[in-house]
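A.B. asks: Provided herewith is a single structure, encoded as structure tokens, for subsequent inquiry.
Protein chains: 2
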Amino acid sequence: MSSEKPMLYTYCRSSCAFRVRTCLNWKGIDCEYSFVGLLKGEQKEEKYVEVNPYKVVPALKIDGIVLTQSVAIMEYLEETRPEKPLLPKDPHKRALVRSLVQAIAGDIQPVQNLRVLLHIESLGGDKKEWAKHTINVGFEGVEKQLSKSSGKFCVGDEVTLADVCLVPQVFNANRFGVDLSKFPLIQRIANDLSELEAFKKAHPHNQPDCPSEEKK
Amino acid sequence: MSSEKPMLYTYCRSSCAFRVRTCLNWKGIDCEYSFVGLLKGEQKEEKYVEVNPYKVVPALKIDGIVLTQSVAIMEYLEETRPEKPLLPKDPHKRALVRSLVQAIAGDIQPVQNLRVLLHIESLGGDKKEWAKHTINVGFEGVEKQLSKSSGKFCVGDEVTLADVCLVPQVFNANRFGVDLSKFPLIQRIANDLSELEAFKKAHPHNQPDCPSEEKK
Chain A
1 MSSEKPMLYT YCRSSCAFRV RTCLNWKGID CEYSFVGLLK GEQKEEKYVE
51 VNPYKVVPAL KIDGIVLTQS VAIMEYLEET RPEKPLLPKD PHKRALVRSL
101 VQAIAGDIQP VQNLRVLLHI ESLGGDKKEW AKHTINVGFE GVEKQLSKSS
151 GKFCVGDEVT LADVCLVPQV FNANRFGVDL SKFPLIQRIA NDLSELEAFK
201 KAHPHNQPDC PSEEKK
Chain B
1 MSSEKPMLYT YCRSSCAFRV RTCLNWKGID CEYSFVGLLK GEQKEEKYVE
51 VNPYKVVPAL KIDGIVLTQS VAIMEYLEET RPEKPLLPKD PHKRALVRSL
101 VQAIAGDIQP VQNLRVLLHI ESLGGDKKEW AKHTINVGFE GVEKQLSKSS
151 GKFCVGDEVT LADVCLVPQV FNANRFGVDL SKFPLIQRIA NDLSELEAFK
201 KAHPHNQPDC PSEEKK
């Protein structure tokens, strides 16, 4: 393994980068940040596309290699840095965690990301309403799942990758004005998680690239 | 583990179900199918929502439990049935596979699924053009990634979960009229995979719930 410090390519408000920041903090992996200004289109610049062909954040340079896609990065960190685990040992519980991860990272977030919202807007649609609707539909399923799997956190009483994905999605839900009182388990768990240092430090408002007017 | 035969809740044309069918075939897991008519709205019926709170296919009853979300199901099968592996042993290669899985299952497919397309259409947009555009943007990244990672298949010379996700996405691309000649690696690898028995047997046209007019 390379002795160089890992480098995370990140953007404050990206919920995919928020996930990986949380995971790195949780595992105590010391890391440098390279900021990719999504609103300025820096993700499409040639030098970044060489790092990440998908033109999105995050990407992580670690162990002499470059990793892309937040879920793949988190699974890699789990496999190579198993201390402070974010996946349970039992295969059924692991599947429950991964199912919640995919419900958020695969079903909800991609459908309310910037590119889709801009297209909705270009057709004269209300992008905020669409984002709210998408999150509401997705959270109905997540809430129902949590009623079966949750303890203190999403799956049982330990923090897992499901929690790491939930908090950024709740941040988005708040931005779009979703009424979270309809989802009491999501709300309670996300509130509790937000008090934990790894999540606090990863929050968009605590990033050096977060514009000061956003923090209010 | 339960001795009951596993039960897959499936719909012929769902690319998420297509992935899991392929994975089950590849690993030689004998399985019964329960057909969920998505066009008839059967995924929203109470008895199915009890099985899968996300109101989508697939779901898999296996080992006395119910699993949801295609990627989580495939990871579970890989962990509990490691014979005929679909993930390499090396953590870096595993991350490459999972990155391609997420690029397809997280970035491309959700944005061109039926629910999004119907919304685009309701706003007066061209749903086929949007699907084509989404797949084109996503496949540009996948093709670039394959130029670094592929051998005979997506990552090296062995079939992996990345291949299992690629073939259903290429099926969708063809349905929407994407010009695959722009993506020679995707095209070549998907063609080769389509000759393999596990993929053939999982193809939408070879499902008992596929209407005969679709097969032409």
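First to last, the protein sequences are chains A and B.
Each step along the first sequence adds one to the number in the UniProt record's numbering, with nothing skipped, and position 103 is 103.
Each step along the second sequence adds one to the number in the UniProt record's numbering, with nothing skipped, and position 194 is 194.
C-beta: ideal position from N, C-alpha, C; glycine also.
1. Could you give the residue range of the beta strand (DSSP E) that holds residue 35/A?
2. Are the CB atoms of residue 9/A and residue 71/A nearer to each other than 7 Å?
3. Measure how close the beta-carbons of residue 19/A and residue 204/A come, nearest whole angstrom, since I'm counting them as under 8 Å.
4. Put residue 57/A into one of helix, strand or coil per three-state DSSP.
5. Which residues share a DSSP beta bridge with residue 9/A?
6. Which chain B residues sit within Cβ distance under 7 Å of residue 9/A?
7. Please state whether the Cβ-Cβ distance between residue 185/B and residue 212/B is less than 7 Å.
8. By Cβ distance below 8 Å, which residues in the same chain neighbour residue 135/B in space, the five residues on each side in sequence not counted?
9. Report the residue from 207/A, 88/A and 147/A whose alpha carbon sits nearest the alpha carbon of residue 11/A.
10. Check for me: the beta strand (DSSP E) holding residue 68/B runs from which residue to which?
11. Could you tell me if residue 15/A is buried or exposed, where buried requires 16 or more neighbouring beta carbons within 10 angstroms of its beta carbon?
12. With a threshold of 16 other CB atoms inside 10 Å of the CB of residue 61/A, please say whether the residue is buried or exposed.
13. If we call anything under 7 Å between Cβ atoms a contact, is residue 21/A one with residue 202/A?
14. Using beta-carbon positions only, say whether residue 199/A and residue 143/A come within less than 7 Å of one another.
15. In angstroms with no decimal places, state the Cα-to-Cα distance between residue 164/B and residue 44/B.
16. Cβ closer than 7 Å: which chain B residues qualify as neighbours of residue 110/A?
17. Tell me residue 156/A's beta-bridge partners as DSSP assigns them.
18. Pull up the CB-CB distance for residue 117/A and residue 130/A, whole angstroms please, since I reckon it's below 8 Å.
19. State the Cα-Cα distance for the pair residue 67/A and residue 95/B, rounded to the nearest angstrom.
20. Do residue 128/A and residue 121/A count as a contact pair if the criterion is CB distance below 7 Å?
21. For a cutoff of 7 Å on Cβ pairs, would you count residue 48/B as touching chain A?
22. Could you list which residues in chain A have their beta carbon closer than 9 Å to that of residue 79/B, in chain order?
23. Keeping to the same chain, check which residues put their C-beta closer than 6 Å to that of residue 74/A; ignore five residues upstream and five downstream.
24. Go through the region 96-139 of chain A residue by residue and report every complete run of the alpha helix (DSSP H) that reaches 4 residues or more, in order.
25. Who are the near neighbours of residue 93/A in its chain, counting only those whose CB is closer than 7 Å to its CB and skipping five residues on each side?
26. Is any beta-carbon of chain A found at less than 7 Å from that of residue 83/B?
27. Could you check where the alpha helix (DSSP H) with residue 46/A kicks off and where it finishes?
28. Applying the criterion that 16 or more other CB atoms from any shown protein chain within 10 Å of the CB defines a buried residue, is residue 191/A buried or exposed?
29. Tell me which residue opens and which closes the alpha helix (DSSP H) that residue 184/B is part of.
30. I need the boundaries of the alpha helix (DSSP H) containing residue 163/B, first residue and last residue.
31. By the DSSP assignment, the alpha helix (DSSP H) with residue 16/A in it spans what residues?
32. Would a check of beta-carbon distances place residue 198/A closer than 7 Å to chain B?
33. Which word fits residue 39/B, buried or exposed, when buried means at least 16 other C-beta atoms lie within 10 angstroms of its C-beta?
34. For residue 87/B versus residue 78/B, is the C-beta distance shorter than 7 Å?
35. So is residue 141/B buried or exposed if we call it buried at 16+ other beta carbons inside 10 Å?
C.D. replies: Well, looking at it:
1. Taking the first sequence and counting its residues from 1, the one referred to as residue 35/A is at position 35. Note, residue 35/A: beta strand (DSSP E), 32-35.
2. Residue mapping note: residue 9/A aligns to position 9 of the first sequence, counting from 1. Residue mapping note: residue 71/A aligns to position 71 of the first sequence, counting from 1. No, they are not a contact pair.
3. For the purposes of this step, residue 19/A is identified with residue 19 of the first sequence, where counting begins at 1. For the purposes of this step, residue 204/A is identified with residue 204 of the first sequence, where counting begins at 1. About 12 Å separates the two Cβ atoms, so there is no contact after all.
4. Taking the first sequence and counting its residues from 1, one reaches residue 57/A at position 57. Assignment of residue 57/A by DSSP, reduced to helix, strand and coil, places it in the coil class.
5. In the first sequence, counting from the first residue as 1, residue 9/A sits at position 9. Looking at the DSSP assignment, residue 9/A forms a beta bridge with 34/A and 59/A.
6. If you number the first sequence from 1, residue 9/A lands on position 9. Residues of chain B passing the Cβ test: none, with the nearest at roughly 14 Å.
7. For this step, residue 185/B is matched to residue 185 along the second sequence. For this step, residue 212/B is matched to residue 212 along the second sequence. Going by beta carbons, residue 185/B and residue 212/B fall outside the 7 Å limit.
8. As a first step, residue 135/B is located in the second sequence; it is residue number 135 there, counting from the start. In chain order, 108, 112, 169, 172, 173, 176 and 178 place their CB closer than 8 Å to the CB of residue 135/B, counting only its own chain and leaving out the 5 sequence neighbours on each side.
9. For this step, residue 11/A is matched to residue 11 along the first sequence. For the residues 207/A, 88/A and 147/A, the minimum Cα distance to residue 11/A belongs to 207/A.
10. Your numbering for residue 68/B matches position 68 in the second sequence. Note, residue 68/B: beta strand (DSSP E), 65-68.
11. Reading the first sequence from its first residue, position 15 is the one you call residue 15/A. Residue 15/A comes out buried.
12. For this step, residue 61/A is matched to residue 61 along the first sequence. Looking at its Cβ environment, which holds 16 or more other Cβ atoms inside 10 Å, residue 61/A is buried.
13. Counted from its first residue, the first sequence places residue 21/A at position 21. Counted from its first residue, the first sequence places residue 202/A at position 202. Closer than 7 Å, so yes.
14. Taking the first residue of the first sequence as position 1, residue 199/A is located at position 199. Taking the first residue of the first sequence as position 1, residue 143/A is located at position 143. No.
15. The sequence position of residue 164/B within the second sequence is 164, counting from 1. The sequence position of residue 44/B within the second sequence is 44, counting from 1. Their Cα atoms are separated by approximately 27 Å.
16. Reading the first sequence from its first residue, position 110 is the one you call residue 110/A. Under the 7 Å cutoff, chain B gives 106, 107, 110 and 111.
17. If you number the first sequence from 1, residue 156/A lands on position 156. DSSP output for residue 156/A lists 150/A as bridge partner(s).
18. Residue 117/A sits at position 117 when you count from the first residue of the first sequence. Residue 130/A sits at position 130 when you count from the first residue of the first sequence. Confirmed, about 7 Å.
19. Residue numbering aside, residue 67/A sits at position 67 when the first sequence is read from its first letter. Residue numbering aside, residue 95/B sits at position 95 when the second sequence is read from its first letter. About 7 Å.
20. Counted from its first residue, the first sequence places residue 121/A at position 121. Counted from its first residue, the first sequence places residue 128/A at position 128. Not closer than 7 Å, so no.
21. As a working mapping, residue 48/B is identified with position 48 in the second sequence. No, its Cβ sits nowhere closer than 7 Å to a Cβ of chain A.
22. Here residue 79/B refers to the residue found at position 79 of the second sequence. Result: 91, 94 and 95.
23. Taking the first residue of the first sequence as position 1, residue 74/A is located at position 74. Cβ contact annotation for residue 74/A (same chain, cutoff 6 Å, sequence separation greater than five): 23 and 161, in chain order.
24. Here the runs fully enclosed are 114-122.
25. Along the first sequence, read from residue 1 onward, the residue named residue 93/A stands at position 93. Within the same chain, residue 93/A has close Cβ partners 155 and 156.
26. Here residue 83/B corresponds to residue number 83 of the second sequence, with the count starting at 1. So no, residue 83/B is outside the interface.
27. For the purposes of this step, residue 46/A is identified with residue 46 of the first sequence, where counting begins at 1. Taken as a continuous stretch (DSSP letters only), the alpha helix (DSSP H) holding residue 46/A covers 46-51.
28. By 1-based counting over the first sequence, the position of residue 191/A is 191. So residue 191/A ends up on the exposed side.
29. To locate residue 184/B, count along the second sequence from 1; it is residue 184. Looking at the DSSP string, the run of the alpha helix (DSSP H) that includes residue 184/B is 184-194.
30. On the second sequence, position 163 is the one that residue 163/B refers to. First-last of the alpha helix (DSSP H) with residue 163/B: 161-175.
31. Looking up residue 16/A in the first sequence gives position 16. Start and end: 15-26.
32. To locate residue 198/A, count along the first sequence from 1; it is residue 198. Closer than 7 Å: no.
33. Counting from one through the second sequence, the residue named residue 39/B turns up at place 39. So residue 39/B ends up on the exposed side.
34. Working through the second sequence from its first residue, we reach residue 87/B at position 87. Working through the second sequence from its first residue, we reach residue 78/B at position 78. Cβ distance < 7 Å, so residue 87/B and residue 78/B count as in contact.
35. Taking the second sequence and counting its residues from 1, one reaches residue 141/B at position 141. Buried is the call here.
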